[in-house]
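Structure first, commentary second.
2 protein chains.
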Amino acid sequence: MTNSPRGGSTAGPGDPEKKLRPGRTNATKQKLFEASMELIGERGAAGVTVDEIATAAGVSKGTVYYNFGSKSDLIAQLLRHGVDILMARLLSVRDDSADPLAAMEEMIGQAMDFMAEYPSFARLWVSENWRTPSEWQDTFAELRGRLLAVIGSAIDGVAAVYPVDPRVSRGSLETAIFGACFVVGLDRHAYNPERTREQSVAAIMASMRGYVVKQPPAQA
Amino acid sequence: MTNSPRGGSTAGPGDPEKKLRPGRTNATKQKLFEASMELIGERGAAGVTVDEIATAAGVSKGTVYYNFGSKSDLIAQLLRHGVDILMARLLSVRDDSADPLAAMEEMIGQAMDFMAEYPSFARLWVSENWRTPSEWQDTFAELRGRLLAVIGSAIDGVAAVYPVDPRVSRGSLETAIFGACFVVGLDRHAYNPERTREQSVAAIMASMRGYVVKQPPAQA
DNA sequence: TTATTTGAACTGACTGGTCAGTTTAGTTAG
DNA sequence: CTAACTAAACTGACCAGTCAGTTCAAATAA
Numbered sequence: 020m021t022n023s024p025r026g027g028s029t030a031g032p033g034d035p036e037k038k039l040r041p042g043r044t045n046a047t048k049q050k051l052f053e054a055s056m057e058l059i060g061e062r063g064a065a066g067v068t069v070d071e072i073a074t075a076a077g078v079s080k081g082t083v084y085y086n087f088g089s090k091s092d093l094i095a096q097l098l099r100h101g102v103d104i105l106m107a108r109l110l111s112v113r114d115d116s117a118d119p120l121a122a123m124e125e126m127i128g129q130a131m132d133f134m135a136e137y138p139s140f141a142r143l144w145v146s147e148n149w150r151t152p153s154e155w156q157d158t159f160a161e162l163r164g165r166l167l168a169v170i171g172s173a174i175d176g177v178a179a180v181y182p183v184d185p186r187v188s189r190g191s192l193e194t195a196i197f198g199a200c201f202v203v204g205l206d207r208h209a210y211n212p213e214r215t216r217e218q219s220v221a222a223i224m225a226s227m228r229g230y231v232v233k234q235p236p237a238q239a
Numbered sequence: 020m021t022n023s024p025r026g027g028s029t030a031g032p033g034d035p036e037k038k039l040r041p042g043r044t045n046a047t048k049q050k051l052f053e054a055s056m057e058l059i060g061e062r063g064a065a066g067v068t069v070d071e072i073a074t075a076a077g078v079s080k081g082t083v084y085y086n087f088g089s090k091s092d093l094i095a096q097l098l099r100h101g102v103d104i105l106m107a108r109l110l111s112v113r114d115d116s117a118d119p120l121a122a123m124e125e126m127i128g129q130a131m132d133f134m135a136e137y138p139s140f141a142r143l144w145v146s147e148n149w150r151t152p153s154e155w156q157d158t159f160a161e162l163r164g165r166l167l168a169v170i171g172s173a174i175d176g177v178a179a180v181y182p183v184d185p186r187v188s189r190g191s192l193e194t195a196i197f198g199a200c201f202v203v204g205l206d207r208h209a210y211n212p213e214r215t216r217e218q219s220v221a222a223i224m225a226s227m228r229g230y231v232v233k234q235p236p237a238q239a
């Protein structure tokens, strides 16, 4: 199936238990990530050929198959790579603050920065997530869960301090905020580059401010 | 380039100035819309072949090219078709109500119903919108503008009656709500079918409730 | 020190298959 | 009659994945 270098018993970096020779770097994989992120974000996973990715990375096609077992595998690893970066930024938000709403706001700001920096990843995500029988279904489910957990705990932090609207379920709110981050970030990049980071954050934060009640919520 | 029926001088329905024979229906086009909406929503525009669409619609491949000039043209018309339906629903919301917040809530409800009924359209939209050099860039820009205008006027209606948070720009809020409708609708369909329509609407409405200020907004 | 070997990393031509779009000769039904 | 549609064959481009062969730094041997 997948391309394994020569012997079959020897392990290449494409194999799960890759053990880099000391002094060696992941330079090739990194270049392939960058090139494919760009191309796939712009034209979609199906719209980009492996040859194009290889050329853009300054590498031969065979190298792609040496480092990744398949195009599909490359994309799965690309998704993980992007989520790792986003997660790191979200988790960088210190939670010590007295005001969990401020922490939430900073997290949304981090998300907006990420979308501005990696719009191609955001496009890849919204393009391929939600496809019903997708090759990356499991990957998406896992990564989505990881991200939502972070947002969810930030929401919990708010709910622990402020009175909140009981009509709004935590899960739906997580999703709404998560989705708004992607869409607002992408829209800013594609259609409204003049919009500021703060405007975007404020628009998304509106849902958090609507979630906390200043007076008892209207009777259900 | 594109296929023009027979002689080149004869006009088929694929041509811009189609003039349906009275008594004739659009049955074939309708079937093609339904079939391609389903398939393209699931596997993406590039992942579906014209042959598959024709077969799923119970029609021959030639008929697709008779009714539409190309695959690309079919998809452009498909986008318009879907937006026509969504627009009709959004505009069906009577605006006479005393409370523009209630009108907004009903519009979001209509949007959620649409997403539940045409999840494939929603997937197609988020998959192909935001692609940088896309064949349907102009189509998307126009349709997006039409939809945002409707949401924007509903927001204006609220802002005319309630005091609103000046930190939140109308444009960003439009985008956030618009995007949240798609993403919450899709997520419900794909990952959380147990979530109710009301929960979803409430989560999105939170941003509107956060937009109107109950006490003067915190000093900027 | 110098020669030899090893194997991970990489190359790029090639294969087998797929697919958009075309064409043609015909059929159906209003 | 003619608009709408069918069925099937065909073209030409494109593309994922393969594989025999190359390179070269480090390991080992002499």
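As you go down the protein sequences, you meet chains U and C in turn. Each residue of the first sequence is one higher than the one before, counting from 20 in our numbering. Each residue of the second sequence is one higher than the one before, counting from 20 in our numbering. From the three backbone atoms N, C-alpha and C, an ideal C-beta is built for every residue, glycine too.
- Under the 9 Å criterion on CB atoms, U:Y181 is classed as non-interfacial with respect to chain C.
- Neighbours of U:M227 in chain C, taken as residues whose beta carbon is under 9 Å from its own, are A225, S226, G229 in chain order.
- Excluding the 5 residues flanking it on each side, C:V203 has same chain C-beta neighbours closer than 7 Å at S219, A222, I223, in chain order.
- Contact annotation for C:V112 against chain U: no contact, minimum CB-CB distance about 20 Å [criterion: below 9 Å].
- The region 195 to 215 of chain C makes contact with the region 126 to 135 of chain C, as at least three CB pairs between them are under 8 Å.
- With contacts defined as CB atoms closer than 9 Å, U:I94 and U:L167 fail to qualify as a contacting pair.
- Sixteen is the threshold: since fewer than 16 other Cβ atoms of the shown chains lie within 10 Å of the Cβ of U:K233, the residue is exposed.
- Annotation: Cβ neighbours of C:L192 in chain U (cutoff 7 Å, chain order): A222, A225.
- For chain U, the residues of the region 42 to 70 of chain C that bring a beta carbon within less than 9 Å of one of its beta carbons are G60, E61, R62, G63, A64, A65, G66, in chain order.
- For C:V102, the enclosing alpha helix (DSSP H) begins and ends at 90 to 110.
- Excluding residues up to 5 positions away in sequence, L162, R165, L166 lie with their Cβ nearer than 8 Å to the Cβ of C:V102 in the same chain.
- If you draw a straight line from the Cα of U:W149 to the Cα of U:G176, it is about 29 Å long.
- Put simply, the CB of U:T151 is near chain C, with a gap under 9 Å to one of its CB atoms.
- Look at U:V145 here: in three-state DSSP terms it is helix.
- DSSP places U:V203 inside the alpha helix (DSSP H), whose first and last residues are 189 to 209.
- The beta carbons of C:V145 and C:P182 sit no closer together than 9 Å.
- Counting only residues of its own chain and dropping the five nearest sequence neighbours on each side, C:H208 has a CB closer than 6 Å to the CB of P138.
- Around the beta-carbon of U:D115, fewer than 16 other beta-carbon atoms lie within 10 Å, marking it exposed.
- Our two residues, U:A160 and C:V180, have alpha carbons roughly 42 Å apart in a direct line.
- Under the three-state reduction of DSSP, C:V67 is assigned to coil, being neither helix nor strand.
- Distance from the CA of U:C200 to the CA of C:R214, rounded to the nearest whole angstrom, comes to 21 Å.
- In this structure, the alpha-carbon of U:A173 lies about 26 Å from that of C:G190.
- C:K233 has a beta carbon lying within less than 9 Å of a beta carbon in chain U.
- From the beta-carbon of U:L205, the residues of chain C found nearer than 7 Å are W149.
- When C:L192, C:I59, C:L205, C:P185 are compared, the shortest CA-CA separation from C:M123 is found for C:L192.
- Interface flag for U:N211 against chain C is set, since a Cβ pair is found closer than 9 Å.
- Residues L97, H100 of the same chain have their beta carbon placed closer than 7 Å to that of U:F52, with the five preceding and five following residues left out of the count.
- Nearest Cα to U:A141 within the set U:D184, U:Q156, U:D206, U:T68: U:D206.
- Separation of the CB atoms of U:V169 and U:L110 is rounded to 7 Å, and the pair is thereby assigned contact status at 8 Å.
- For the 9 Å CB-CB criterion, C:E61 and U:P152 form a contact.
- Shown here, C:V78 sits in coil according to DSSP, grouped into three states, outside any helix or strand.
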